[in-house]
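*Asks:* Sharing a structure here in structure tokens format.
Numbering (the numbering used here), first residue to last: 12 to 94.
In structure tokens, the structure reads:
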């Protein structure tokens with residue numbers, strides 16, 4: 012998934028998306044394109060961005076939004092495992 016896809020689907024501002032990358036909360040793959048690099052986001056990156064953005068819009072600070080997003084992602088993974 013390309014940057015423009017993330018921006019459209021999640022409706023997050025570009026500078027907020029890049030800030031998440033700068034802080035290490037997401038790590039998109041870099042694809043060389045001539046003199047530039049394009050970012051490619053995995054489905055897991057997209058899910059993480061969506062959850063972090065949900066908590067940021069609720070007023071949480073970035074580190075808290077990231078923690079809550081990770082807890083939610085890990086909780087949903089635990090529910091999928093059959094017992």
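The beta carbon of each residue, even a glycine, is placed where N, CA and C say it ideally should be. Values in this document were obtained by computation on a predicted structure and should not be read as measured data.
1. Looking at the strands, I want to know which residues DSSP matches up with residue 44.
2. Are residue 59 and residue 51 close, meaning C-beta to C-beta below 8 Å?
3. In chain order, what residues of the same chain have a beta carbon less than 6 Å from the beta carbon of residue 67, not counting five sequence neighbours either side?
4. Can you tell me which of the three DSSP states residue 13 falls into?
5. Suppose you measure from the CA of residue 73 to the CA of residue 84; what does that come to, to the nearest Å?
6. Could you give the distance in angstroms between the alpha-carbon of residue 15 and the alpha-carbon of residue 54?
7. Quick check on DSSP: helix, strand or coil for residue 69?
*Replies:* In short, the structure shows the following:
1. As a working note, residue 44 is residue 33 in the chain shown. DSSP lists 47 as the bridge partner or partners of residue 44.
2. Residue mapping note: residue 59 aligns to position 48 of the chain shown, counting from 1. Residue mapping note: residue 51 aligns to position 40 of the chain shown, counting from 1. It is not a contact, given that the beta carbons lie outside the stated cut-off.
3. Position 56 of the chain shown, counted from the first residue, corresponds to residue 67. Excluding its 5 nearest sequence neighbours in each direction, residue 67 has C-beta neighbours in its own chain below 6 Å: 76, listed in chain order.
4. The residue labelled residue 13 in the question sits at position 2 within the chain shown. Looking at residue 13 - three-state DSSP - the assignment turns out to be strand.
5. As a working note, residue 73 is residue 62 in the chain shown. As a working note, residue 84 is residue 73 in the chain shown. Between the alpha carbons of residue 73 and residue 84 lies a gap of roughly 16 Å.
6. Residue numbering aside, residue 15 sits at position 4 when the chain shown is read from its first letter. Residue numbering aside, residue 54 sits at position 43 when the chain shown is read from its first letter. Approximately 14 Å, taken between the alpha carbons.
7. Along the chain shown, read from residue 1 onward, the residue named residue 69 stands at position 58. In the structure shown, residue 69 adopts coil according to DSSP, grouped into three states.
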